[in-house]
Every structure is written in structure tokens, then in C-alpha cells.
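Asker: Take 3 as the starting number for the sequence shown in our numbering and just add one per residue.
No residue lacks a Cβ here, since even glycine has one placed at the ideal position from N, Cα and C.
What you are looking at is a predicted structure, and each value in this text was computed from that prediction instead of being measured.
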Amino acid sequence: FDVHSLLQIKQLTTPSLHLPADLVELGKARIELFKTFTFRSFHEQSTKEFLWIIFTDPELDDAILGPLKELIKFDKNILVLGMNHNFHDFRSDAWMKGIKKVHAGDMQMLKDYHTVAQNHVYLETRIDMDDSMYQDFMRQIQGRTFQTLGKSARRAQFKNYPEAEFRVYCPEHHLEWGYFNPWNKESKQGHLFGLYSPDFCITAGLSHAYQVGTKPLEITGHHRLDKNYPQCRDSKANNTNCLDRVPDAGYKYVVIRSRTPTSAGMQGVLPSTTVTKSTEWKEKQGETWASYIMNNFGVTPKSIWDLRQKLSDNMEKILQDAINGQCTRADFTCKDSSKAALNKILKEVRTYDATNSGKREAIQ
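Quick look at the structure:
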């Protein structure tokens, strides 16, 4: 999309690394997840026409910030912003005033995007720091938005078009990569599992497109979006003000979500009974690793397995940070179940380390 086009779509993608600045080991682990999953899949996107904003703590420790800045130093469309609140309305002055620190990137470019977004269709995509999107994800939703909201962009710009117009996108199928393998306790690869979510939206890849002059939606919860808006495919109108499912490019699982002990909520980290009892996905591990991960997401299986080993080598310190971080900020869920799961894993890690330490001493 040409920057001077009246039908321009300005897309921001917003991963976040929000965690207390002193949780260094947890932060470093999340950087490794970001590098392996998120960063790699963004580099493999079939379009680069988007601005990527990474939210962090304004006082993020240099041990975490340094590797992040080094990783993105050659990418001109990435900014790292110190913001304690990633305000929903990018078009507002309050959003810009909420920036406490620019850790990396071109602030003038951000200001230009903010200015242009006032009278252009604006598209925002959410992705967490440990997720991946398939390689055609950005181009697909930009194209869908151009075909729908783009049709009335001129009218909205020049005639004070009074009607709100928006479009919401979210994946219907996604893969999960779990740190633990329920079918093989000795596995160094973790496990892959596919999920179908026709009745709610996950946060990974959740996108909102807004017409000129349309205010952001008051979102009470991503899992309720399908209850609040009709499906675009069922709409008899012009396919606006509705919920659309992100189209695939031959492989229906369009997002990978990571489930590791670094997760704030711990949901899905310990494999559920559904996963454990799935003979289908137990048998599909080899095929999925070999045929789909690199081809669809640009992420090599070996990089994921190497990541798992790095996490494993430092797991006790990571878990201790995760436990200490519970309830200290809004982004941690502060649930007893989360803390119980973390403590259970920590106990198992210590038992494992003690057992293997004894074996090493016996060998010596």
C-alpha cells in the first residue's frame, strides 16, 4: 500500500514485554522465546508494510533490554517503547503522551504514523512475545481490510461520514507448542497440539480495523467477541462491523502459541487431559515438526528444541522469578492456581536436578 494512498491502511503490531524490571531471569527467558517464535515469524512475513511496536517496562533491566535492542537493530519498522499502559486508541493524543521512554527505533516515524492514522484506515494486530503467525498473515488481513473498509475511506475522509465502521479478525485454528511432552517424558522437543476455537477469539493474532473517524471498540474480553459481533461470513450487508476469521494459506493452523513456565497465567503449561489422551496428535508429532513449522511460520524445529534446552538449563531461576512476579503487576494473573502450578514445577525441577547431580557424582 502506497504511503500517499487515500485508502492507506496503517498497521501496528504490538507485542509486549511487560514485567517488573527486576525479574531478570524471567525476562531473559522471554527474550529467547521472542527471538525464536515472534521475531522470526515477522521476518518471514510476505509484506513488510507495517509498524511494529514492542511495549516494555520503562525501567527494563539492561540485561533484558540489551539483547532485545541488538536483535532488532537492523529493522527500521520496529520501535521499543517504555509504556506502563498500552492505550487502546492509537489515534488519541493520550496514547502518544503515555510513552515514558523510547528504548529503540525512530520516534519521528511513529509520529508520522500517528498523524496519517487520523484520516486513513487503521489496522492493529496483537501478538504476544512468545507467539508466531503464519507467513501470509499480515498480507491477508490487510487485503481483507482494503476490500471492505477501503471502499468507503474516501467518503469517511471528506464527508464526515457519521457511521462507525470496523472489522475484527481472529484465528479459528491455532497450534500450541508446549514445553512438556505428555506422551514422552524424556522428550527434549516438547509437544505440538492443534486447537479449533469456533466460539471465541484467542489473543494471538487478534486484529481490529477501524474506519476513519471510528473510535476503538470497548472490548470487555477477547473471549466474548463472538457473542458481541456477527460473523462476517453470515453478514448480508457489506461485511463491516463484524467478526472475521483469519484466512489460511493451505494450512489451517495460522498461529502458534507457546505454553511454557514463563507464561503469566500458566494456562495450558501442564498438559490437559484432552492433550494427554489425544492419540491423533501423539501420532502427528513427527509430520507436523517436519512439514509445517518451518514451511508455514519460518521457524525451524531445531531452534525451538534449542530454546527448550536453554529454558531447561535455567529453569529453577526462571520459575523463582515467575513465582516472585505473581500479583506484583496487572499483567500477572495473581491466581492461586498459577502459583500452585509454578511451585509444583519448581519442586519437580529441584528433584530432577538433585537426582541427576547424584548420578554425575557417582560417574566421577
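Just to confirm the assignment, what range does the alpha helix (DSSP H) spanning valine 26 have?
Answerer: Start and end: 26-35.
Asker: Taking only the alpha-carbon atoms, compute the straight-line gap between aspartate 132 and threonine 264 and give it to the nearest angstrom.
Answerer: Roughly 9 Å between the two C-alpha positions.
Asker: Among Lys341, Gly196, Gly107 and Asp95, whose alpha-carbon lies nearest the alpha-carbon of glutamate 285?
Answerer: Of Lys341, Gly196, Gly107 and Asp95, the residue nearest in Cα terms is Gly196.
Asker: Which full runs of the alpha helix (DSSP H) of 4+ residues lie inside the region 30-102, going along the chain?
Answerer: Segments of the alpha helix (DSSP H) lying fully in the region 30-102: 42-45, 64-74 and 95-99.
Asker: Note down the Cα distance separating glutamine 47 from aspartate 323, rounded to an integer number of angstroms.
Answerer: Rounded to the nearest angstrom, the two C-alpha atoms are 33 Å apart.
Asker: The beta strand (DSSP E) with leucine 177 in it runs from where to where?
Answerer: Element bounds for leucine 177: 175-180.
Asker: Please name the residue in Thr276, Gln137, Asn183 and Asp130 whose C-alpha comes closest to that of threonine 205.
Answerer: When each option's Cα is compared against that of threonine 205, the closest is Asp130.
Asker: Bridge partners for glycine 196 per DSSP, in chain order?
Answerer: Paired residue(s): Leu177.
Asker: In this structure, how does DSSP classify methionine 317 when only helix, strand and coil are distinguished?
Answerer: If DSSP states are grouped into helix, strand and coil, methionine 317 belongs with the helices.
Asker: In angstroms, rounded to a whole number, what distance separates the CA positions of glutamine 233 and valine 123?
Answerer: So the alpha carbons of these two residues sit roughly 21 Å apart.
Asker: How would you label glutamate 34, buried or exposed, when you count the other beta carbons within 10 angstroms and need 16 or more for buried?
Answerer: It is buried - the Cβ of glutamate 34 has at least 16 other Cβ atoms within 10 Å.
Asker: Short of 8 Å in beta carbon distance, which residues of its chain neighbour phenylalanine 182, apart from the five on each side in sequence? Order them along the chain.
Answerer: Excluding residues within five positions, the ones whose Cβ falls inside 8 Å are Gly192, His193, Val271, Leu272 and Pro273.
Asker: Leaving out five residues on either side along the sequence, give the residues of the same chain with a beta carbon under 7 Å from the beta carbon of tyrosine 255.
Answerer: Here the set comprises His175, His176, Leu177 and Gly196.
Asker: If distances are taken between C-alpha atoms only, which option among Asn186, Lys229, Ser209 and Met140 comes closest to phenylalanine 168?
Answerer: Out of Asn186, Lys229, Ser209 and Met140, Ser209 has the C-alpha closest to the C-alpha of phenylalanine 168.
Asker: Three-state secondary structure (DSSP) at glutamate 289?
Answerer: Note: glutamate 289 maps to helix in three-state DSSP.
Asker: Excluding five sequence neighbours on each side, which residues of the same chain lie with their C-beta closer than 8 Å to the C-beta of lysine 113?
Answerer: Counting only Cβ-Cβ distances below 8 Å, and skipping sequence neighbours, we find Met98.
Asker: Between which two residues does the beta strand (DSSP E) carrying aspartate 138 extend?
Answerer: No beta strand (DSSP E) contains aspartate 138, which DSSP labels as neither H nor E.
Asker: If we ignore side chains and look at the alpha-carbon of each, how far apart do methionine 109 and leucine 81 end up?
Answerer: Taking the straight line from one Cα to the other gives about 8 Å.
Asker: I'd like to know whether the C-beta atoms of threonine 147 and alanine 211 end up nearer to each other than 7 Å.
Answerer: A contact, by the Cβ cut-off of 7 Å.
Asker: How long is the line joining the alpha carbons of leucine 313 and isoleucine 320, rounded to whole angstroms?
Answerer: Whole-angstrom Cα-Cα distance: 8 Å.
Asker: When you compare the CB positions of alanine 119 and arginine 93, do they come within less than 7 Å of one another, or not?
Answerer: Contact flag set, yes.
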